[in-house]
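Protein chains: 2
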Amino acid sequence: MKEDLEKVYQKVKPFVHRTPVLTSHLMDEIAGCHLFFKCENFQKMGAFKMRGAINAILNLSEEQKKKGVVTHSSGNFAQALSLAAKNLGIPAYIVMPNSAPQVKKAAVKTYGGKITECEPTLEAREKAATKIQQETGATFLHPSNNLDVILGQGTSAYELLQEQPDLDFVVTPVGGGGLIAGTALAVKHFGKNCKCVAGEPKATDDAFRSMQSGKIETNVSANTIADGLKTHLGDINFPIILKYVDQIILVSETEIIEALRLIWERMKIVVEPSSAVALAAVLNQKEKFKNKKVGIIISGGNVDLSKLPF
Amino acid sequence: MKEDLEKVYQKVKPFVHRTPVLTSHLMDEIAGCHLFFKCENFQKMGAFKMRGAINAILNLSEEQKKKGVVTHSSGNFAQALSLAAKNLGIPAYIVMPNSAPQVKKAAVKTYGGKITECEPTLEAREKAATKIQQETGATFLHPSNNLDVILGQGTSAYELLQEQPDLDFVVTPVGGGGLIAGTALAVKHFGKNCKCVAGEPKATDDAFRSMQSGKIETNVSANTIADGLKTHLGDINFPIILKYVDQIILVSETEIIEALRLIWERMKIVVEPSSAVALAAVLNQKEKFKNKKVGIIISGGNVDLSKLPF
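Line by line, the protein sequences give chains A and B.
Per UniProt numbering, the first sequence starts with residue 1, numbered consecutively.
Per UniProt numbering, the second sequence starts with residue 1, numbered consecutively.
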């Protein structure tokens, strides 16, 4: 697996930014530990999802590439797959609920994705995606429950550990499970006594409960500001998470908004609420992280500035 | 003067961050030129003002240092002087209008500045500062009309031109005149056929009018979102500006807010409205800057997140 990750990194590298790692004395003082922020908000299309999308497409056969890729997503993966496909000159079909914000549809169109709208239910989304697969022969790529996607997402932590090899922890948010699974694999193979930890909103604590029960749990409601984390784990990423993730820390909506404000005000960077969940987790467990070297994957920076919680 | 600037840079260097220069393909497409953003929002205390404050203090005699420094300011210079003085172990007395926001007073206190409150008039501010000078022997430092401050502010453009020596333009906002004067000197001595341009809000067009009339003009009202630019030029920086600044471009409040939104959304960085004035100037004169290499000094990132214009 270690060699696989190396290979993935070499493949993905020409298509993504090597994002900067930011530090701040003030943030270290507040958190009581040494923080290293891996800024995927500066990644192409504004989120880590670009890494997994590129890797998944690169692993298709030439025949598959010609016919294109399809996914259903209203979030960052729709944009990532559109841009990754555009960069590689292949078609991307994106199924989006007709309730998706105009701004997100516009972003997908900018990156060249071909949008099919459907009713805002999982059933309608899957049906529309299957229909496109049948009509075009395009390959379906899941945003998080796909091993190539997972390994691609792991390249962010891989880069971080190249720069900071002696981190004690790497912390990410957990939603669909792609980022945390990829990060956990990178931490296991490239960290030295490094542990992988996730932050999760209390309002969508399915991953936390899944770790306890040993099976994939879902949420009845998903009332969190961290809108990127409303999805649940999948059968491909869950076994990796169960085996390699040290702990999932739950945080309240107030904690997420406070952490978000801290990052914006002190670090002067624009990040998504989902990204703040990782910092909120560290601030929630100060004793655990005290004086440790802690990497935080800032997952993305695509926010609607008209809808800020401040 | 070239050697002076070199010396200032060497003196200031240990006390400030060498801020990053960010680029963005998307922003280049929008602007129709090649943009290089020198990010002083990532500077210590969040703005370029740290550079001038440090240089001014370093140029005091040992006797003067012991007695400390005094200024009147409710903005970034109050914080900059407090932090610079703290770093050098000398007292900083800050006169602030009693109407100044609590958050700004708190920031000055965090950095160790000793606050004296006064009525919110220029007369009361000057009177309070003079009283402190008399009582403590502290040296008065003006936020922008002081040659050491001006030369210190110029170190941002100096660093930018070290990284990008063949820029065609460097653009800054203009308020009190310290940043643009320092930048103009750096551009003259370290640029190759490089011109220094300023953006200014139409609502406070005193610098624009001063360039036309050849004498320092003031504003009757100052109704702009770019709250760092409400001050007017001084007798030390104005001759430099008159001689070395190529053009002052006026921009509307709508243009400033649009440029601000572009920087936040596309660059994923938190900047002050004043910083967006420089980009707004470039977007206002696309023909002038077409296909050119344009440096933009992002002046700072201290914003009140509760009062955003989005």
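The C-beta atom is built at its ideal place from N, Cα and C for all residues, glycine as well.
Do you know how far the Cα of residue j is from the Cα of residue i?
{"i": "PHE190/A", "j": "ARG51/A", "result": "18 Å"}
{"i": "residue 362/B", "j": "VAL245/A", "result": "No answer is possible for residue 362/B: it lies beyond the span of chain B, which begins at 1 and ends at 310."}
{"i": "GLN164/B", "j": "PHE289/A", "result": "40 Å"}
{"i": "ILE298/A", "j": "GLY199/A", "result": "12 Å"}
{"i": "PRO173/B", "j": "THR155/A", "result": "39 Å"}
{"i": "ALA138/A", "j": "ALA85/A", "result": "12 Å"}
{"i": "ALA56/A", "j": "HIS142/A", "result": "10 Å"}
{"i": "LEU147/B", "j": "GLU63/B", "result": "20 Å"}
{"i": "GLY89/A", "j": "LYS66/A", "result": "9 Å"}
{"i": "ALA106/B", "j": "ALA124/B", "result": "21 Å"}
{"i": "ILE240/A", "j": "VAL197/A", "result": "13 Å"}
{"i": "GLY68/B", "j": "GLY214/B", "result": "36 Å"}
{"i": "VAL16/A", "j": "LYS109/B", "result": "42 Å"}
{"i": "PHE42/B", "j": "ILE296/B", "result": "14 Å"}
{"i": "ALA129/B", "j": "THR231/B", "result": "18 Å"}
{"i": "ILE115/A", "j": "ILE54/A", "result": "19 Å"}
{"i": "ILE248/A", "j": "LEU179/A", "result": "14 Å"}
{"i": "GLY228/B", "j": "LEU229/A", "result": "38 Å"}
{"i": "VAL170/A", "j": "PHE48/B", "result": "33 Å"}
{"i": "ILE256/B", "j": "SER274/B", "result": "8 Å"}
{"i": "CYS194/B", "j": "LEU161/B", "result": "10 Å"}
{"i": "GLN134/A", "j": "ALA281/B", "result": "51 Å"}
Output the boundary residues of the alpha helix (DSSP H) element that contains residue i.
{"i": "MET27/B", "result": "25-31"}
{"i": "ILE90/A", "result": "Per DSSP, ILE90/A belongs to no alpha helix (DSSP H) and is neither H nor E."}
{"i": "GLY52/B", "result": "49-58"}
{"i": "LYS44/A", "result": "LYS44/A -> no alpha helix (DSSP H), and no H or E assigned at all."}
{"i": "HIS189/A", "result": "178-190"}
{"i": "LYS11/B", "result": "2-12"}
{"i": "THR130/A", "result": "122-136"}
{"i": "VAL108/A", "result": "102-110"}
{"i": "THR155/B", "result": "155-163"}
{"i": "LYS67/B", "result": "62-67"}
For the beta strand (DSSP E) containing residue i, list its first residue and its last residue.
{"i": "VAL171/B", "result": "169-173"}
{"i": "GLY295/B", "result": "293-298"}
Measuring alpha carbon to alpha carbon, tell me which residue in the options is nearest residue i.
{"i": "LEU305/B", "options": "GLY154/B, LYS290/B, GLU258/B, TRP264/B", "result": "TRP264/B"}
{"i": "ASP206/A", "options": "SER221/A, ALA186/A, THR71/A, HIS17/A", "result": "SER221/A"}
{"i": "LEU233/B", "options": "SER210/B, LEU250/B, GLU253/B, GLU255/B", "result": "SER210/B"}
{"i": "PRO120/B", "options": "GLY112/B, ASN98/B, GLN133/B, LEU151/B", "result": "ASN98/B"}
{"i": "GLY113/B", "options": "ILE236/B, PHE48/B, HIS72/B, ILE269/B", "result": "HIS72/B"}
{"i": "PHE37/A", "options": "ALA129/A, PRO309/A, LEU279/A", "result": "LEU279/A"}
{"i": "LEU27/A", "options": "LEU185/A, THR204/A, LYS230/A, LYS268/A", "result": "The question names Leu, but residue 27/A in the sequence shown is Met. With distances taken between Cα atoms, MET27/A lies closest to LYS268/A."}
{"i": "LEU5/B", "options": "GLU253/B, ARG266/B, SER213/B, ALA184/B", "result": "ALA184/B"}
{"i": "ASN59/A", "options": "VAL282/A, VAL149/A, ASN219/A", "result": "VAL149/A"}
{"i": "ALA181/A", "options": "GLU3/A, SER144/A, ASN284/A", "result": "SER144/A"}
{"i": "VAL294/A", "options": "HIS34/A, GLU3/A, GLU29/A", "result": "HIS34/A"}
{"i": "residue 312/B", "options": "LYS13/B, GLU3/B, CYS39/B", "result": "With chain B running from 1 to 310 in the structure shown, residue 312/B is simply not present."}
{"i": "LYS127/B", "options": "VAL70/B, VAL103/B, GLY152/B", "result": "VAL70/B"}
{"i": "TYR111/A", "options": "TYR9/A, ASN193/A, LEU83/A", "result": "LEU83/A"}
{"i": "PHE238/A", "options": "ASN76/A, GLY177/A, VAL251/A, LYS49/A", "result": "GLY177/A"}
{"i": "TYR93/B", "options": "VAL103/B, LEU81/B, GLY228/B", "result": "LEU81/B"}
{"i": "residue 313/A", "options": "MET96/A, LEU151/A, VAL103/A", "result": "Nothing about residue 313/A can be reported from this structure: the residues present for chain A run from 1 to 310 only."}
{"i": "THR136/A", "options": "CYS118/A, VAL103/A, PRO91/A", "result": "PRO91/A"}
{"i": "ILE30/B", "options": "TYR9/B, ASN284/B, LYS243/B, LYS13/B", "result": "ASN284/B"}
{"i": "GLY46/A", "options": "ALA78/A, SER24/A, SER61/A", "result": "ALA78/A"}
Return helix, strand or coil for residue i, following the three-state DSSP convention.
{"i": "ALA198/B", "result": "strand"}
{"i": "PHE36/A", "result": "strand"}
{"i": "residue 316/A", "result": "Nothing about residue 316/A can be read from this structure; chain A reaches only from 1 to 310."}
{"i": "VAL149/A", "result": "helix"}
{"i": "LEU283/B", "result": "helix"}
{"i": "LEU22/A", "result": "strand"}
{"i": "GLU119/B", "result": "coil"}
{"i": "LYS114/B", "result": "strand"}
Would you say residue i lies against chain E (beta-carbon separation less than 9 Å)?
{"i": "SER299/B", "result": "Protein chains A and B are contained in the structure displayed, whereas chain E is not."}
Practice item. Quick one: which unbroken alpha helix (DSSP H) runs of 4-plus residues sit fully inside the stretch 209-276 of chain B? Chain order, please. Key: 237-244, 253-262
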